[in-house]
Amino acid sequence: MSATQAASAPVVEMKGITKTFGGVHALQGVDLDICPGEVHVILGENGAGKSTLMKILSGTYPPTAGKIVIDGYAHGSLRPTQAAHLGIAIIYQELSVISELSALENLFVGRIPLRKRFGMLVVDWPLMERESRTVLESLGLKIDVHTPVRHLSIAHRQMIEIAKALMRHARVVVMDEPTSSLTNVEVARLFSIVRQLRQEGRAVVFISHKLDEVRQIGDRFTVLKDGSTNGSGKVEAVTNDDLVRMMVGRSVKQYFLNEAAIDRSQPPVLTVNNVSSRDRRWVQDVSFDLFAGEILGFAGLVGSGRTELMNCLFGAMPRRSGKIELRGRDITPRGPVEALKNGMAYITESRLQTGSMPNFSIKDNIVISRSVKISPLRGLWGLIKRREENGIAEEQRRLVSIKCSSIEQNIIELSGGNQQKVLVGKWICIQPDVFIFDEPTRGIDVGAKAEIYRMMRELSNQGKAIIMVSSELPEILAICDRIAVFRAGRIVRILEGNSASEEQILELAISGGNTK
Amino acid sequence: MTRLAKLWDRFGTFCILIIIVILFSSLSPNYFTKPDNIIQIFVQSAITILTALGEFFAILIAGIDLSVGSVVALTGIITGKLMVSGMNPFLSVMLGGILVGAVLGGCNGLLVNYTGLHPFIITLGTNAIFRGLTMIISGANPVFGFPYSFILALTGNVWIVPAPVLLAVSVAVILWFITVHTRLGRNIYALGGNREAAYFSGIDIKLHTLVVFVISGVCSGLAGVLSAARLGAAEPGAGQNFETYAIASAIIGGTSFFGGRGRIPSVVVGGLIIGTISNGLNILQIPTFYQLVVMGGLIIAAVSLDRLIGRAR
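In order, the protein sequence lines correspond to chains A and B.
Heads up, the first sequence is in my numbering, so the first residue is 1 and it goes up one at a time.
Heads up, the second sequence is in my numbering, so the first residue is 517 and it goes up one at a time.
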């Protein structure tokens, strides 16, 4: 293919793409045109639909409506092999190289060349070596092709994926957040390769969160918001502020703000001092105060280390340093047992993995932590008092309005929202001073969401101190009194809830407030 | 869960036992159903039931204990040596059976906790280690010449109940009480149902894992003492294949390999099933080698039947 610098006719046009998953719109009428010799950047918040759009392009999902036009021919949907055949290659965040195989074998996986030897068809190793050497050299990659991929760095594995795409004569190379785990030097190398691909007249689709990268590498952009296109054009023609504005601005329907002002003249309930995780990549020198009746939100990108911070606070992740005080008393927990005995509660991120006991009834799920808390021997000692526990579980069932036929019902028979309410009830009944809610409304319906918000606000009105981690900015803005913006293991800034805006939070979460 | 599945959950294992009893009584109407033989079945099952009770806890936390057989041998040898050297039989049983069993189980638990490896690997290793220690201590020779009081106490009758049966039933009742009525028991179920959720709920995973393996060790220790008394000698080769029977009893008793599900009474019935099969095959005078084949087949059939009906859930 000859080097055509100026954008010519698009090689791929996605028109009016709509995708619904069980009634939920992941994408709604999205248009995207990808031109040869151009880097097209796709921007959007977590859950805006970027990955879904790319999965439709690669043939992983069929679209519910819309069409994909390739070389002037319209397809209703693509099959994965068909997409590959038409020259579309996707390099996912989780790389799909096979780590036990060598670089060479990975390059040819699925289409190993054969030759005749001694009357049999055998693998044509010399041909494979010749071809791979040409491609890897063109990418400036100097590695021994016989090394098992597991010995190579992430950057090298990514290069191998790119080489694989080139060997299959890919015309469209999609990269899903390719720089998220690369060092600066590696990013520079990747960018020079992206420029080289553009030079060769290939189309590159680049998905990213990072605005400075968009500026460095992108020619055109498309912003997705809530599954729809919310702006597109030339990168030079817009400022970073414009881009952030296009990414945010979801409507917030209900407000659960505090009626009474928080009394910050009183000493805080929880004081966190210089907490770092043992592996400093996750959490670095985090300090904050939390007052009675306050809901403190933690906003930030997925992977910024918020859940890891919560695990550190609860003693469920090893710390390098840090001190945690409850009403001036040092309670720095060495494990969840100590955290819970000292008045902390933690509603974890994943109900299925770290929340509920699938073999237990609603009642046993509610009372299990309380029973450990009141046991003198770390849960080893004590008889189960059924009548008392039934009373407690029934009380929680009313309090958090769990919809069930009986508290003896198994928890997995409940809907996601009701399961979450059970887990909230479980922590309310140990009467803690501090609640940590990590993504409490993930995957539950709107009604249950509202009830969780109401519960959180009720707890705060009773003087409990609450931390809420959420990736949904509208939700954080709707109920948090203060918002700590988290980025790369640190608190960037703590904002007042009633004056913060989505733009401001996202700007801080993405760039740390350094770039303009 | 359908009503059938619910009933089966509770009484399924018992139904399998009934089926097997009917099968053998029709094959051998004269001998099998005699009262003497019925009692014999209970006595023979006592050791299997004891090891199965320990195994039940290991499987309940989604683990396994492959070392039960060699713990049986090692505790038997140590108890025997202590008695032969003149120690009071009761004290020997407490020390050599229960304490040594607890220590060996504790080793399993500590190794699991400190290495983070699956209990399968740890107990596969300790099974060999314990067997080796048994050979070293005994010089590969059996220990015999036990005081008469010891043999009488563990093979005689208490009123009309044979002592081995009484022992197994008492241990079963204590462990049943723990699983149903204590926080410890419920925490173990929680740990088996969802290890991470249990951790975040404040359950001390390592402490409870240790307790589970100590329980298993003590159960095997008691089985070792009982086995020595029954044979009148502590054999260094005792307890071969006991882990197979213990695991089979627990699984036939409806204990889930994925952890968190299972009931003590069903495990006891599971042990009885194994004992009944082995007794029935003996009565039918089937040679030992064939017995292994039949036993294996029946175990697979019993568990398949359980899963087939259980699937109705």
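Beta carbons are placed, not taken as given, at the ideal position from N, Cα and C, and that holds for glycine.
Close beta carbons around residue i, own chain, < 6 Å, minus the five adjacent residues each side
i: G443(A); result: G416
i: F558(B); result: V681
i: S541(B); result: F548 and T549
i: F437(A); result: I347 and M468
C-alpha distance - residue i paired with residue j, whole-angstrom precision
i: H697(B); j: R79(A); result: 57 Å
i: L529(B); j: D822(B); result: Correcting the residue identity first, residue 529(B) is Thr in this sequence and not Leu. The straight-line gap from Cα to Cα measures roughly 8 Å.
i: V283(A); j: A656(B); result: 57 Å
i: G775(B); j: Y705(B); result: 8 Å
i: S266(A); j: N461(A); result: Note on identity: in this sequence residue 266(A) is Gln, with Ser being the wrong assignment. Spanning the two alpha carbons is a distance of roughly 16 Å.
i: V677(B); j: G570(B); result: 23 Å
i: E213(A); j: D219(A); result: 11 Å
i: S743(B); j: V734(B); result: 14 Å
i: P113(A); j: L197(A); result: 26 Å
i: R526(B); j: L506(A); result: 56 Å
i: I154(A); j: T567(B); result: 49 Å
i: Y806(B); j: G592(B); result: 29 Å
i: A465(A); j: W381(A); result: 30 Å
i: Y73(A); j: H85(A); result: 14 Å
i: M14(A); j: V135(A); result: 30 Å
i: R250(A); j: T183(A); result: Residue placement at R250(A) is flagged as unreliable, the pLDDT there being 48, under the threshold of 50; the coordinate-derived value follows with that caveat. One C-alpha to the other measures close to 33 Å.
i: L633(B); j: I467(A); result: 35 Å
i: G708(B); j: S772(B); result: 10 Å
i: K55(A); j: M159(A); result: 21 Å
Below-9 Å beta-carbon distance, residue i vs any chain B residue
i: G382(A); result: yes
i: S356(A); result: yes
i: Q353(A); result: yes
i: R378(A); result: yes
i: K373(A); result: yes
i: L301(A); result: no
i: N418(A); result: no
i: D279(A); result: no
i: E502(A); result: no
i: K421(A); result: no
i: R198(A); result: no
i: F435(A); result: no
i: F360(A); result: yes
Nonlocal neighbours in the same chain, by C-beta distance under 8 Å from residue i, ignoring five residues either side
i: L533(B); result: V785, L788, I789 and T792
i: N365(A); result: S356, M357, I411, V422, L423 and K426
i: G796(B); result: I536, L539, F540, L543, S544 and F548
i: M603(B); result: L611
One or two residues paired with residue i in a DSSP bridge
i: F221(A); result: V41(A) and G233(A)
i: H156(A); result: None, per the DSSP bridge assignment.
i: T64(A); result: BP columns for T64(A) are empty, so no partner.
i: R115(A); result: V122(A)
i: L296(A); result: I467(A) and R482(A)
Chain-ordered neighbours of residue i on chain A, where CB pairs are closer than 8 Å
i: F573(B); result: The premise fails here: F573(B) is roughly 14 Å from chain A at the closest Cβ pair, so nothing lies under 8 Å.
i: R699(B); result: S371, V372, S375, G379, L380, W381, G382, L383 and I384
i: Y547(B); result: Within chain A, no residue comes near Y547(B); the closest Cβ sits about 43 Å away, beyond 8 Å.
i: L723(B); result: R378, G379 and L380
Other residues of its chain near residue i: CB distance less than 7 Å, five sequence neighbours each side excluded
i: Q82(A); result: G59
i: V252(A); result: Only weak support is given to the placement of V252(A): the predicted model assigns it a pLDDT of 44, under 50, and the value that follows is read from those uncertain coordinates. Excluding residues within five positions, the ones whose Cβ falls inside 7 Å are P474, L477 and A478.
i: Q254(A); result: Low confidence applies to Q254(A): its pLDDT is 47, below 50, so where it sits in the model is not reliable enough to give any reading.
i: G343(A); result: L326, P432, D433 and V434
i: L626(B); result: L726
i: Q556(B); result: N795
7 Å Cβ cut-off: residues of chain A touching residue i
i: S782(B); result: Within chain A, no residue comes near S782(B); the closest Cβ sits about 15 Å away, beyond 7 Å.
i: E712(B); result: Q353 and T354
i: G718(B); result: P336, V337, L340, S369, V372 and K373
i: G622(B); result: By Cβ distance, chain A contributes nothing, its closest Cβ being about 15 Å from G622(B), past 7 Å.
Chain A within 9 Å of residue i, Cβ atoms only
i: R746(B); result: no
i: D822(B); result: no
i: V727(B); result: yes
i: A706(B); result: yes
i: G602(B); result: no
i: I534(B); result: no
Residues that residue i contacts on chain A, provided the C-beta gap is smaller than 9 Å
i: Y715(B); result: A316, G335, P336 and T354
i: G791(B); result: Those within 9 Å of G791(B) in chain A number zero; the least Cβ separation is about 29 Å.
Contacts that residue i makes with chain B (C-beta to C-beta distance below 8 Å)
i: Y346(A); result: F716
Contact list for residue i against chain B, beta-carbon separation under 7 Å
i: D364(A); result: R702
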